[in-house]
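K.L.:
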Amino acid sequence: MGKKAGGRVRVKNLGPKGMANMGNPMEEMMVAPEDMIQLPPPVDKSMSQIWPMSETFTMKYETFSVIYPNYLDSKKTVKQGRRISAVEAVGSPTVMDIGACLQGMGIRHVVQPYKGYSRDTQSQWDNLGRVLVDIPKSGGFDVMEIGTDGAFDVDGTGPPDGETRNKKQLLREIAARVPHIAGRKQRLAREQAEREAEEKRTKEEAALAHKSASLKASTNTGSNKKKNKGKKKKG
5 MGKKAGGRVR
15 VKNLGPKGMA
25 NMGNPMEEMM
35 VAPEDMIQLP
45 PPVDKSMSQI
55 WPMSETFTMK
65 YETFSVIYPN
75 YLDSKKTVKQ
85 GRRISAVEAV
95 GSPTVMDIGA
105 CLQGMGIRHV
115 VQPYKGYSRD
125 TQSQWDNLGR
135 VLVDIPKSGG
145 FDVMEIGTDG
155 AFDVDGTGPP
165 DGETRNKKQL
175 LREIAARVPH
185 IAGRKQRLAR
195 EQAEREAEEK
205 RTKEEAALAH
215 KSASLKASTN
225 TGSNKKKNKG
235 KKKKG
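Per the numbering used here, the sequence shown starts with residue 5, numbered consecutively.
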């Protein structure tokens, strides 16, 4: 350090000229873009599939009746939302199954595949969706009552006689049609094959782990015997 004329101070750089490129000290901890977890984009819960498609921009479905798969699921309890008897219900129906039945019956409806049923949190994960249905409400037929066993509308006179007049009859009719849907049969067959493949893989992994553990145990036993054989007995 030295002084210049006028009282100004000049600082002399005693170190090397310029700084070495040290790089990013956190570079080793960084994850490559191809190894990053890519989260799927959030779904649009308001997405609606209108049938018939010709009414996509004209249908007013704000007053339609709501049907959740739980309403006709034989695996659900009344508390979880089942609204017909377990005998009349069907196992694990989806909104696509319900929509296919309604198309076959010629009933106007809207499938909303990402709407969850608030009364059953499990269905919000494994069986999402609901269907809005145009059910005539004339004559007070769209009323559900509690039966003697606690279920909804299980004391009726049986299945509809060709014409669906209210929601109770519609649920029964849909439940009767769902098992015969071709798409459902293919889906259940595919799911069954996947479960069997998963069970087979689990058994193979368990057998391999058992074999490895047995081999390790036998190796340790042989090693211990050799050690004991080499030891001299104390007199």
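Each residue gets a CB set at the ideal place from its N, CA and C atoms; glycine is no exception.
How many Å lie between E59 and G95 at the Cα?
P.N.:
If you take the alpha carbons of E59 and G95, they lie about 31 Å apart.
K.L.:
Just mark A179 as buried or exposed, buried being the case when its beta carbon has 16 or more other beta carbons within 10 Å.
P.N.:
It is buried - the Cβ of A179 has at least 16 other Cβ atoms within 10 Å.
K.L.:
Roughly how many angstroms separate the alpha carbons of Q190 and V47, rounded to a whole number?
P.N.:
Near 26 Å, if we compare the C-alpha coordinates of V47 and Q190.
K.L.:
Check the C-beta distance from M51 over to Q116 and give it rounded, since I have them as a contact under 8 Å.
P.N.:
Right, the Cβ-Cβ distance comes to about 7 Å (below 8 Å), so this counts as a contact.
K.L.:
Could you give the C-beta distance for I65 and L136, rounded to a whole number, given that I count them as a contact under 8 Å?
P.N.:
One point to set straight first is that residue 65 is Tyr, not Ile, in the sequence displayed. Confirmed, about 5 Å.
K.L.:
Does DSSP put R134 in a helix, a strand or coil?
P.N.:
Residue state, collapsed to three classes: strand.
K.L.:
Could you tell me if the beta carbon of P183 falls within a distance shorter than 7 Å of some heavy atom in the ligand MG?
P.N.:
Only the bare structure without any ligand can be found here, which leaves the ligand MG out of the picture.
K.L.:
Using 10 angstroms around the beta-carbon of G143, count the other beta-carbons present and answer buried if the total reaches 16, otherwise exposed.
P.N.:
Because the pLDDT at G143 is just 41, under 50, the model does not fix this residue reliably, and the value given afterwards should be weighed accordingly. So G143 counts as exposed.
K.L.:
Less than 8 Å between the C-beta atoms of Q118 and L106, yes or no?
P.N.:
The sequence shown places Tyr at residue 118, rather than the Gln named in the question. No, the Cβ-Cβ distance between Y118 and L106 is not below 8 Å.
K.L.:
Is the beta carbon of I54 closer than 8 Å to that of M63?
P.N.:
In contact: M63 and I54 (Cβ atoms closer than 8 Å).
K.L.:
Check whether the segment 31 to 42 touches the segment 78 to 98, taking contact to mean three or more Cβ pairs, one atom from each stretch, closer than 8 Å.
P.N.:
The segment 31 to 42, when compared against the segment 78 to 98, does not touch it at the 8 Å Cβ threshold.
K.L.:
To the nearest angstrom, how far is the alpha carbon of G108 from that of T206?
P.N.:
When rounded, the distance between both Cα atoms is 41 Å.
K.L.:
List the DSSP bridge partners of H113.
P.N.:
Its beta-bridge partners are W55 and V137.
K.L.:
Between the alpha carbons of E38 and N28, how many angstroms are there, rounded?
P.N.:
Those two C-alpha atoms are separated by around 20 Å.
K.L.:
At which residues does the alpha helix (DSSP H) containing I71 begin and terminate?
P.N.:
No alpha helix (DSSP H) contains I71, which is instead part of the beta strand (DSSP E) from S69 to I71.
K.L.:
If you count every other CB in all the chains shown that lies within 10 Å of the CB of E208, and 16 or more means buried, which is it?
P.N.:
The residue is exposed, with fewer than 16 neighbouring Cβ atoms inside 10 Å.
K.L.:
So is L174 buried or exposed if we call it buried at 16+ other beta carbons inside 10 Å?
P.N.:
Buried, by the Cβ-count rule.
K.L.:
With a Cβ-Cβ cutoff of 8 Å, do K85 and D130 count as a contact?
P.N.:
The sequence shown places Gly at residue 85, rather than the Lys named in the question. Not closer than 8 Å, so no.
K.L.:
Taking buried to mean at least 16 other C-beta atoms within 10 Å of its own C-beta, is K1 buried or exposed?
P.N.:
The first residue shown for the chain is 5 and the last is 239, placing residue 1 beyond what the model contains.
K.L.:
Using DSSP bridges, identify the partner residues of V91.
P.N.:
DSSP output for V91 lists no bridge partner at all.
K.L.:
Going by beta-carbon coordinates alone, are V99 and R134 separated by less than 8 Å?
P.N.:
Closer than 8 Å, so yes.
K.L.:
Can you list, in chain order, the residues of its chain whose CB lies under 6 Å from that of A104, leaving out five sequence neighbours each side?
P.N.:
Once the five neighbours on either side are set aside, the close Cβ partners of A104 are I185.
K.L.:
Could you check what DSSP says for L219 in three-state terms: helix, strand or coil?
P.N.:
Residue state, collapsed to three classes: helix.
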